[in-house]
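K.L.:
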Amino acid sequence: MLNFHANVFAVPSQLTAGPEMTLREVALSTYAAPAGGPPMFDAILPVRFEEVQQRLLKIDRMDIEPDGYFLVAGGEQQGCRWQIDGHLFEYHGKMHRVEMHGSCSEEKLDELLSCFGWPECPMVFQLVHEGVTLSESDFRKFAAAEFSE
């Protein structure tokens, strides 16, 4: 089961390796802006807001509001209930990012990400509480690691 709270972005135009970190006892590589500091998220996701809403509605048990808030939950998976809630953010009619929070399987994450243009569009994941940006592979390692609230 994956556990996370992250903003999902298209890969920015300028990105460089940031500091190595250990989170949840997992060694991770982060991303930074070329001059240091957090990346500037200037790339857009390849789908429009309305298109993402329509794609999300095809997911079983999905509820989505006109403002972009969504919630999907399910029964027992790996011995516990799962739920993802999130919000779609557009800027000038284009999808800027998606915030997602909760826990789910790898397969459910893939299904959600496909609504935003993945895997054709590479994505980066900004951990909301930790304030770092990760590649997809490091994000998946982080999300799969043992988590305690």
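So the sequence shown is numbered by my numbering: it starts at 251 and just counts up by one.
Positions of the beta carbon are idealized from the N, C-alpha and C atoms, including for glycine.
Check each candidate in 354, 261, 329 and 331 and name the one with the smallest Cα separation from residue 366.
P.N.:
The option with the nearest alpha carbon to residue 366 is 261.
K.L.:
As a quick exercise: from 384, 331, 308 and 293, pick the residue whose alpha carbon is nearest that of residue 320.
P.N.:
Residue 320 has its Cα closest to that of 308, out of 384, 331, 308 and 293.
K.L.:
Going by other Cβ atoms of all chains shown within 10 Å of its Cβ, with 16 needed for buried, is residue 388 buried or exposed?
P.N.:
With 16 or more Cβ atoms within 10 Å of its Cβ, residue 388 is classed as buried.
K.L.:
Do you know offhand how far residue 285's Cα is from residue 325's?
P.N.:
Taking the straight line from one Cα to the other gives about 46 Å.
K.L.:
My output table needs one value for residue 302: the three-state DSSP class, helix, strand or coil.
P.N.:
The answer is helix: DSSP assigns residue 302 an H, G or I state.
K.L.:
Hey, residue 280 and residue 382 are a contact pair by Cβ (cut 8 Å); roughly how many whole angstroms apart?
P.N.:
Yes, they are in contact, since the Cβ atoms of residue 280 and residue 382 sit about 5 Å apart, within 8 Å.
K.L.:
DSSP beta-bridge partners for residue 255?
P.N.:
Per DSSP, 351.
K.L.:
Work out the CA separation of residue 258 and residue 376 for me, nearest whole Å.
P.N.:
If I take the Cα positions, the gap works out to 7 Å.
K.L.:
How do the region 355-373 and the region 284-304 stand: do at least 3 beta-carbon pairs fall below 8 Å, yes or no?
P.N.:
Yes, the region 355-373 is in contact with the region 284-304.
K.L.:
Determine the DSSP secondary structure at residue 344, reduced to helix, strand or coil.
P.N.:
It is a strand residue.
K.L.:
Considering Cα atoms alone, identify which of 265, 306, 252 and 254 is closest to residue 372.
P.N.:
Among 265, 306, 252 and 254, the Cα nearest to that of residue 372 is on 265.
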